[in-house]
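Below: one structure, written as structure tokens.
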Amino acid sequence: MARRYLPVDRDQAFLLPPDLREWLPADHLAWFVLDVVGELDLGEFHARRRLGGAGRAGYDPAMLLAVLIYAYALGERSSRQIERLCVTDVAFRVICAQHRPDHATIARFRGEHEAALAGLFGQVLEVCAAAGMGRFGAVALDGTKIAANAALSANRREGWVRERAARILAEAGEVDAAEDALFGAVRGDELPREFANPATRAQRIRAALAELDTADDQPAEGPGGSGPPVPPTGTAGQRRHRQFQRRLERARARVARLRAAHEAKHAADAARRVNATAQGRVIRGGSRPKPVDQNVKIREAGARLAKLEREARGRAGPHPLTPNQVDPTSRKVNLTDPQSRTMMTRAGWVQGYNAQLVVSEDHLILAADLTNSPVDVLHYQPLVAAAVDAVAHIGEHTGRPGAAIGCVLADAGYASEANLTADGPDRLIALSKRHTVEDAAAHPVPHPGDHATARDRMRHRLASPDGLNQYRRRASIVEPIHGHLKDRRGLRRFSRRGQAAATSELTFAAAVTNLLRLRAHATA
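Under the numbering used here, think of the first position of the sequence shown as 611, with each following residue one higher.
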């Protein structure tokens, strides 16, 4: 049975409410973002805003910031996709107040306010604490690898990079010297006089085209005569070498042929004038042949020959410049993002950074940092110190002066004698993998004596039921936040290059994550 559709009045079907406040429900995330942005101190953003002068007035920084926060909350970080959403998505149009910032404006705002965007993390943390969030009885520290905006294939060894830089500088000097020898004081791309003169330009261009057509019809000549080339044999490298040598010889022969023809033309003109003078005749009409440095064909052929000779000298070096044939002990650097490093993950090797987070019991990010060191052990003390300062700051501004971290939970990646004995809050740091820790708890460890090492004491605590139960909370505190950053915020790969830009992106995504935790807390 065929479906029957009721007629719809098009004017009524597409009629939108005249007030933007009626476009979205009152509990929509967009209104929450606008309310939070209205409470933040945006002095750093407004300080860089251009006021007055020529051109159209810039967008309000508060509007652009709200657009970025809402986009990151949805996991959208592409400036081009954000531009599209500002046109097609109702919530974005409400936040933009019907403005349409383009992707260049959004990307430039994000790039020019790196420090200000990173500074929002502290303000958002204060807002969350003022709302009653922040349980610090146990905090968890963990790192995760995030891919950089660079490819593994762009890695080169240090020796290769340094030698390539020296080669480029040397080639630049050779190019300047060759062009000085060819062109002298002239720039090299000026038009000859006959082409610059409108009276003779058309005639000269037709003659040049006719000569080009004639040259294309003739077989290429080389030192061995004319005729079709002999099919190459042997390996691919040998064939390429022979082909290059033939190109080089043809270029040399062409320069020699053009110079010989030019000299013969000069000699014939000089002989004609000497004969005319001896016979008492006056030569009328015609023009003297141009100097060799003004002959277009000789200049172009000489420039091509100089380029091939530079390439020949490079091929004749001690070894070709390939990444696999330099010193294998030298360190690598990435040409796309030199500050990123090669790091191992469960899914394999990635070119990226190591993101470090300290998270509270109620999943509030207390500290975040980004490093290009793949190991975690170096970052325990700086991150814990940052978390301690954040908790102290929260206590001062929320009427909880006694707020402090109870215990820090960390996996075996942070285990070292220095971290086990450093000043700061109490800690439980695993000395091996999780399943090994749980297996050790099944076999009681004797109480260490007075002269036991820090590792012995930590091993005894982790083997006790209380210590094991407390350590088991680590994964449930910090690992969901890593999942939120990567899956909800889309931060599996940074969109900008350089450690400073990637750090700003990480802290901004952490601030957005805290805002969403605040919304969930307020709703609950």
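Beta carbons are placed, not taken as given, at the ideal position from N, Cα and C, and that holds for glycine.
Quick caveat: nothing in here was measured; it's all calculated off a predicted structure.
Cβ pair residue i, residue j closer than 7 Å
i, j, result
"glycine 744", "leucine 967", "no"
"alanine 676", "valine 643", "yes"
"alanine 978", "alanine 1110", "no"
"valine 749", "serine 950", "no"
"leucine 976", "alanine 965", "no"
"alanine 728", "serine 1114", "yes"
"arginine 914", "alanine 861", "yes"
"glycine 1100", "arginine 720", "no"
"valine 1122", "alanine 683", "yes"
"valine 906", "histidine 872", "no"
"alanine 922", "leucine 858", "yes"
"asparagine 759", "arginine 1102", "no"
"threonine 1031", "alanine 1064", "yes"
"lysine 875", "proline 899", "yes"
"asparagine 944", "glutamine 961", "yes"
"leucine 678", "glutamine 733", "no"
"arginine 1067", "glycine 685", "no"
"methionine 953", "lysine 1096", "no"
"aspartate 1033", "cysteine 1017", "no"
"asparagine 765", "lysine 942", "yes"
"phenylalanine 1148", "threonine 1117", "Absent from the structure is residue 1148, since the part of the chain shown begins at 611 and ends at 1134."
N- and C-terminal bounds of the alpha helix (DSSP H) containing residue i
i, result
"methionine 1068", "1064 to 1073"
"threonine 1031", "1027 to 1031"
"threonine 1137", "Residue 1137 cannot be examined here, being either before or after the span of the chain that is shown, 611 to 1134."
"threonine 698", "689 to 698"
"serine 1086", "1083 to 1093"
"histidine 656", "653 to 657"
"proline 992", "990 to 1007"
"glutamate 649", "639 to 649"
"valine 677", "671 to 683"
8 Å CB neighbourhood of residue i in its chain, flanking five on each side removed
i, result
"arginine 690", "His713"
"tyrosine 1081", "Leu1019, Leu1038, Ala1040, Val1047 and Leu1072"
"histidine 1131", "Cys738, Ala741, Gly742, Met743 and Asp972"
"alanine 672", "Val647, Gly648, Leu652 and Phe655"
"alanine 1013", "Gly744, Phe746, Val1001, Ala1002, Ile1004 and Gly1005"
"glutamate 722", "Arg658"
"glycine 1009", "none"
"lysine 1043", "Ala1022"
"leucine 634", "Ala640, Trp641, Val700, Ala701 and Val704"
Enclosing beta strand (DSSP E) for residue i [first to last residue]
i, result
"alanine 1020", "1017 to 1020"
"asparagine 982", "From DSSP, asparagine 982 is part of no beta strand (DSSP E); its letter is neither H nor E."
"arginine 1037", "1036 to 1039"
Paired residues, beta bridge with residue i - DSSP
i, result
"threonine 952", "Gln961"
"valine 968", "Leu751 and Ala977"
"valine 943", "Arg766"
"arginine 1103", "Ala757"
Beta-carbon contacts of residue i that lie in its chain and below 7 Å, excluding the five residues immediately before and after
i, result
"leucine 1128", "Val737, Cys738, Ala741 and Met743"
"serine 1026", "Val987"
"alanine 1000", "Leu735, Leu976 and Ala977"
"arginine 710", "Cys696 and Val697"
"alanine 726", "Glu654 and Phe655"
"threonine 939", "Interpretation of threonine 939 is limited by its pLDDT of 42, a score under 50 that renders its predicted location unreliable; the figure taken from the coordinates is listed afterwards. Excluding positions up to five away in sequence, the list is empty."
"threonine 1133", "none"
"glycine 844", "Any reading at glycine 844 must be qualified, since the residue scores a pLDDT of 48, below 50, and its modelled position is unreliable; no value is offered."
Own chain partners of residue i with C-beta closer than 6 Å, once the 5 adjacent residues on each side are dropped
i, result
"tyrosine 1166", "This structure leaves residue 1166 out entirely; the chain is present only between 611 and 1134."
"alanine 1112", "Tyr963, Leu980 and Phe1104"
"aspartate 752", "Val1088"
"alanine 681", "Ile692"
"leucine 1142", "Residue 1142 lies beyond the stretch modelled for the chain, which goes from 611 to 1134, so this question has no answer here."
- Task: Scan the stretch 704 to 783 and note each continuous alpha helix (DSSP H) run of 4 residues or more that stays entirely inside, going in chain order.
- Result: 713 to 722 and 724 to 740
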